[in-house]
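All remarks here apply to the structure that follows.
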Amino acid sequence: MAYTSWCFEKALDNDPKSADHVLLLIQQLYRLERRLKKRNSTIAVVKRVREIYVLPILNEIETYLKQEKRRCFLKVVSQLR
Numbered sequence: 360m361a362y363t364s365w366c367f368e369k370a371l372d373n374d375p376k377s378a379d380h381v382l383l384l385i386q387q388l389y390r391l392e393r394r395l396k397k398r399n400s401t402i403a404v405v406k407r408v409r410e411i412y413v414l415p416i417l418n419e420i421e422t423y424l425k426q427e428k429r430r431c432f433l434k435v436v437s438q439l440r
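For what it's worth, my numbering labels the leading residue of the sequence shown as 360, then goes sequentially.
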């Protein structure tokens, strides 16, 4: 996750809106994981929190990246015409 975060920080110069959106979602993931660690959560609690809170965030990131991939592709294609 750290490398992914770093990549999006580098992308802030090229596409601040998109990069910032993903970085905010990644921050939410880190925040949840820190809380779990701070509370010495059991494996069962960690699993449940990840199912309820983390998975939707990851799904949102995936959906957003797919949309952005399409948007970027269409942008490139339109520039070729």
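We put the beta carbon where it would ideally sit given N, CA and C, even for glycine.
Open item on the list: Just to confirm before moving on: does the CB-CB distance between Leu384 and Glu419 stay below 8 Å?
Closed with: Along the sequence shown, one-based indexing puts residue 384 at 25. Along the sequence shown, one-based indexing puts residue 419 at 60. In this structure, Glu419 lies closer than 8 Å to Leu384 by Cβ.
Task: Assigned secondary structure, Asn373 (DSSP; H/G/I helix, E/B strand, else coil) - done: Here the question's residue 373 lines up with position 14 in the sequence shown. Three-state result, Asn373: coil.
- [ ] Helix, strand or coil for Asn418, going by three-state DSSP, please let me know.
- [x] To locate residue 418, count along the sequence shown from 1; it is residue 59. Helix.
Open item on the list: In the DSSP assignment, the alpha helix (DSSP H) including Arg407 goes from what residue to what residue?
Closed with: For the purposes of this step, residue 407 is taken as residue 48 along the sequence shown, with counting starting at 1. Where Arg407 is concerned, the enclosing alpha helix (DSSP H) stretches over 402-408.
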